[in-house]
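Trainee: Mind having a look at this structure? Questions to follow.
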Amino acid sequence: RCKVYLIDEVHMLSTASFNALLKTLEEPPEHVRFLLATTDPQKLPVTVLSRCLQFSLRRLTRAEISAQLTRILQAEGVEFDVDAVDETARHADGSMRDALSLLDQALAYGAGALRGAEVRQMLGTVGRGLVAELYDAILAADDSALRERLAALQAQAPNYKRVLQDLLELSHDVAARQVLGDEVESSLVDAQQLSRWAAQVAPEQLQLHYQFLLQGLRDLHLAPEGRIAFSMAILRLLAFQPPSAGTSSSGSGVSGGVQAPSLSAARATSVPSSAASVSAPVSSGNGSSSPGEGGSVWQQLLQSESLRGPPRSLAQHLEPRQLSGTRWQFALAEGYDYLLTDFARAELGRLLGELAGHEVRIEIGAGGSAQATHAAVVAEQRERERGQREQDLTRDATVQALQDTFGARRVEDEL
């Protein structure tokens, strides 16, 4: 028989206490064992460390904690959901002691049963399904779906820190899947969903998403409300894309500076596939000829709400060359080769076929004129509207009075 002394957080002892303990550690009685536990071994005197065997206890994985909690619940005959066990293990952050404490609280909260909804309500977290749907809407730049998911999220008054951490974990898992392949798994979504996202989003965009989410996590304690910091992080994900999301084989890339397109066209996708490369330039005939009988269909599609996400981004930077029959020819503006993905091309052909009333096979070549694209038309229209606002402001009697009386001046780029 032995007498065991367990001293927790031993680094908190004073120097005098360590000196008093040292003699006993040098010549311990045979029937006595000392267990010294600490989270900061650097604070222990070297004389004490040299007389002890050191065991570094690592954090447990979620799978190990979940397995142990499952064994305990089964042995005690407690009703439980697998989702609730996983949520408890995730929140324990590698500590079995914390996991058991949370388990006791959850059982008391759930009247002796462990249910996913009650555990999430106790912890202030949301279901993995809602987080996955929110992330899917972000990647697809689906405005309506995103509004619905955000409304559902805010209705639960969640822990926004945990939601941002889940989105960060998803971004990491998708990025790792792109590089390492099928050996990467996620604790939040299944393998099929993870593979679909990995093929849908450009690696550069993922890196930007990760940095914005990380910045949002850092800003949580600075914002007036957690909801505001969270909403701003989501807006950044939609409003910006990397300055060089991809380059063509000729070395042309996106012009410098971070772009801020509309929400439905904010994200451009790229997949590592040979089908995403741009083919040889399409002949444009006389260069200024009419696109053909499909011109009205093309304009109708550009105004349609069904055109969204990557297909819209691609369509906005295409110059129509020949739009007649079943073969429609386009030329992609220089510097936007990364928009040409299998998904965007197929979806664009499908939508055109529905509007035209017959099958449409699209051919996209290089060498398009940026001035002949829909994006250029929209930019020109915005510039005209801005010029008109400047004229209206200059002619406004109140503005003129402010200028004459107080010397007011207009601040550039604020219209």
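For any residue, its number in the numbering used here is found by taking its place in the sequence shown, counting from 1, and adding 21. The beta carbon of each residue, even a glycine, is placed where N, CA and C say it ideally should be.
Whole beta strand (DSSP E) runs in the stretch 32-106 with 3 or more residues, listed along the chain?
Mentor: Correct list: 53-57.
Trainee: Looking only at its chain, what residues have a beta carbon closer than 8 angstroms to the beta carbon of A153, apart from the 5 residues adjacent to it on each side?
Mentor: Looking up residue 153 in the sequence shown gives position 132. These residues qualify, in order along the chain: L191, L209, V210 and Q214.
Trainee: Are there 16 or more other CB atoms within 10 angstroms of the CB of T394, so buried, or fewer, so exposed?
Mentor: Counting from one through the sequence shown, the residue named residue 394 turns up at place 373. So T394 ends up on the buried side.
Trainee: Can the beta-carbon of G386 be found less than 9 angstroms from the beta-carbon of R342?
Mentor: Residue numbering aside, residue 386 sits at position 365 when the sequence shown is read from its first letter. Residue numbering aside, residue 342 sits at position 321 when the sequence shown is read from its first letter. In this structure, R342 lies closer than 9 angstroms to G386 by Cβ.
Trainee: Return the first residue and the last residue of the alpha helix (DSSP H) that P332 is part of.
Mentor: Here residue 332 corresponds to residue number 311 of the sequence shown, with the count starting at 1. Where P332 is concerned, the enclosing alpha helix (DSSP H) stretches over G330 to A336.
Trainee: Taking DSSP as the reference, what is the three-state secondary structure of V381?
Mentor: Here residue 381 refers to the residue found at position 360 of the sequence shown. Residue state, collapsed to three classes: coil.
Trainee: Using a Cβ-Cβ cutoff of less than 8 angstroms, which residues in the same chain neighbour L128 once the five nearest sequence positions on both sides are dropped?
Mentor: The residue you call residue 128 lines up with position 107 of the sequence shown. Answer for L128: V99, A134 and L135, listed in chain order.
Trainee: What are the partner residues of S345, as DSSP defines its beta bridges?
Mentor: The sequence position of residue 345 within the sequence shown is 324, counting from 1. R348.
Trainee: Can you tell me whether A14 is helix, strand or coil according to DSSP?
Mentor: The chain is shown only over 22 to 436; residue 14 falls outside these bounds and no answer can be derived.
Trainee: Report the CB separation of A113 from I86 in whole angstroms; it is logged as a contact under 8 angstroms.
Mentor: Looking up residue 113 in the sequence shown gives position 92. Looking up residue 86 in the sequence shown gives position 65. Going by Cβ atoms, the distance from A113 to I86 rounds to 6 angstroms, so yes, they are a contact pair.
Trainee: Is the stretch 101-113 touching the stretch 142-157 in the sense that three or more CB pairs, one from each, lie closer than 8 angstroms?
Mentor: yes
Trainee: For R239 and R183, I'd like the C-alpha separation in whole angstroms.
Mentor: Translated into the one-based positions of the sequence shown, residue 239 becomes position 218. Translated into the one-based positions of the sequence shown, residue 183 becomes position 162. The alpha-carbon atoms of R239 and R183 are separated by roughly 13 angstroms.
Trainee: If you draw a straight line from the C-alpha of A196 to the C-alpha of R79, how long is it?
Mentor: Residue numbering aside, residue 196 sits at position 175 when the sequence shown is read from its first letter. Residue numbering aside, residue 79 sits at position 58 when the sequence shown is read from its first letter. Going from the Cα of A196 to the Cα of R79 covers about 26 angstroms.
Trainee: Does the Cβ-Cβ distance between G356 and A391 come in under 9 angstroms?
Mentor: Against the sequence shown, residue 356 aligns to sequence position 335. Against the sequence shown, residue 391 aligns to sequence position 370. The answer is yes: Cβ separation under 9 angstroms.
Trainee: If you check the beta carbons only, do A254 and L234 fall under 9 angstroms apart?
Mentor: Position 233 of the sequence shown holds residue 254. Position 213 of the sequence shown holds residue 234. Yes, Cβ-Cβ distance for A254 and L234 is below 9 angstroms.
Trainee: Assuming V381 and G374 form a contact by the criterion Cβ under 8 angstroms, report the distance between their Cβ atoms to the nearest whole angstrom.
Mentor: Position 360 of the sequence shown, counted from the first residue, corresponds to residue 381. Position 353 of the sequence shown, counted from the first residue, corresponds to residue 374. Contact holds; Cβ gap of about 4 angstroms.
Trainee: Going by Cα to Cα distance, which pick from G378, L335, D358 and L344 is closest to A367?
Mentor: Here residue 367 refers to the residue found at position 346 of the sequence shown. Answer by Cα proximity: L335.
Trainee: Taking the alpha-carbon of L322 as reference, which of D125, D358, L361 and G378 has the nearest alpha-carbon?
Mentor: Here residue 322 is taken as the residue at index 301 of the sequence shown, counted from 1. Here the closest residue by C-alpha is G378.
Trainee: Rounded to whole angstroms, what's the CA-CA distance from L438 to R83? Just pull it up for me.
Mentor: The question about residue 438 has no answer, for the chain in this structure spans 22 to 436.
Trainee: Would you report the Cα separation of E48 and K24, rounded to the nearest angstrom?
Mentor: Walking along the sequence shown from the start, residue 48 turns up at place 27. Walking along the sequence shown from the start, residue 24 turns up at place 3. C-alpha separation (whole angstroms): 15 angstroms.
Trainee: Could you check if L229 is buried or exposed, using at least 16 other CB atoms within 10 Å of its CB as the buried criterion?
Mentor: For the purposes of this step, residue 229 is taken as residue 208 along the sequence shown, with counting starting at 1. L229 is buried by the Cβ-count criterion.
Trainee: Starting from V25, trace the beta strand (DSSP E) in both directions and tell me its first and last residue.
Mentor: Along the sequence shown, read from residue 1 onward, the residue named residue 25 stands at position 4. Its beta strand (DSSP E) spans residues K24 to I28.
Trainee: If you draw a straight line from the alpha carbon of S116 to that of A88, how long is it in whole angstroms?
Mentor: Looking up residue 116 in the sequence shown gives position 95. Looking up residue 88 in the sequence shown gives position 67. Cα to Cα, S116 sits roughly 13 angstroms from A88.
Trainee: CB D164 to CB R329, shorter than 9 angstroms?
Mentor: What you label residue 164 is simply residue 143 of the sequence shown in a count that begins at 1. What you label residue 329 is simply residue 308 of the sequence shown in a count that begins at 1. Contact flag set, yes.
Trainee: Of the residues Y359, L90 and E340, which one's Cα is nearest the Cα of A352?
Mentor: In the sequence shown, the residue the question calls residue 352 occupies position 331. It is E340.
Trainee: Within 10 angstroms of its Cβ, does R203 collect 16 or more other Cβ (buried), or is it exposed?
Mentor: Start at 1 with the first residue of the sequence shown, and residue 203 comes out as number 182. With the sequence shown as reference, residue 203 is identified as Asp, and Arg is not the correct amino acid for it. The residue in question, D203, is exposed, as its Cβ has fewer than 16 Cβ neighbours within 10 Å.
Trainee: Cα-Cα, which of R168, Q177 and I159 is closest to E139?
Mentor: To locate residue 139, count along the sequence shown from 1; it is residue 118. Here the closest residue by C-alpha is Q177.
Trainee: Classify E204 as helix, strand or coil using the three-state DSSP reduction.
Mentor: Numbered from 1 along the sequence shown, position 183 holds the residue referred to as residue 204. E204 falls in the helix class under three-state DSSP.
Trainee: Residues in its own chain within less than 7 angstroms of D29 by CB, not counting five upstream and five downstream?
Mentor: Position 8 of the sequence shown holds residue 29. Contacts found: A58.
Trainee: Should V31 and L46 be called a contact, given that it needs their Cβ atoms to be closer than 9 angstroms?
Mentor: Looking up residue 31 in the sequence shown gives position 10. Looking up residue 46 in the sequence shown gives position 25. No, Cβ-Cβ distance for V31 and L46 is not below 9 angstroms.
Trainee: Can you name the start and end residues of the alpha helix (DSSP H) that S122 belongs to?
Mentor: Counted from its first residue, the sequence shown places residue 122 at position 101. Where S122 is concerned, the enclosing alpha helix (DSSP H) stretches over M117 to Y130.
Trainee: On the CB-based measure, 16 or more other CB atoms within 10 Å of its CB, does T419 come out buried or exposed?
Mentor: Locating residue 419 in the sequence shown gives position 398, where the first residue counts as 1. The residue is exposed, with fewer than 16 neighbouring Cβ atoms inside 10 Å.
Trainee: Apart from the five residues just before and just after S216, which ones in its own chain have a Cβ nearer than 8 angstroms to its Cβ?
Mentor: By 1-based counting over the sequence shown, the position of residue 216 is 195. Taken in chain order, the residues that qualify are R198 and D203.
Trainee: Helix or strand or just coil, what does DSSP make of A162?
Mentor: Locating residue 162 in the sequence shown gives position 141, counting from the first residue. It is coil, neither helix nor strand.
Trainee: Counting along the chain, where does the alpha helix (DSSP H) carrying H242 start and finish?
Mentor: Position 221 of the sequence shown, counted from the first residue, corresponds to residue 242. Run containing H242: none; DSSP gives neither H nor E here.
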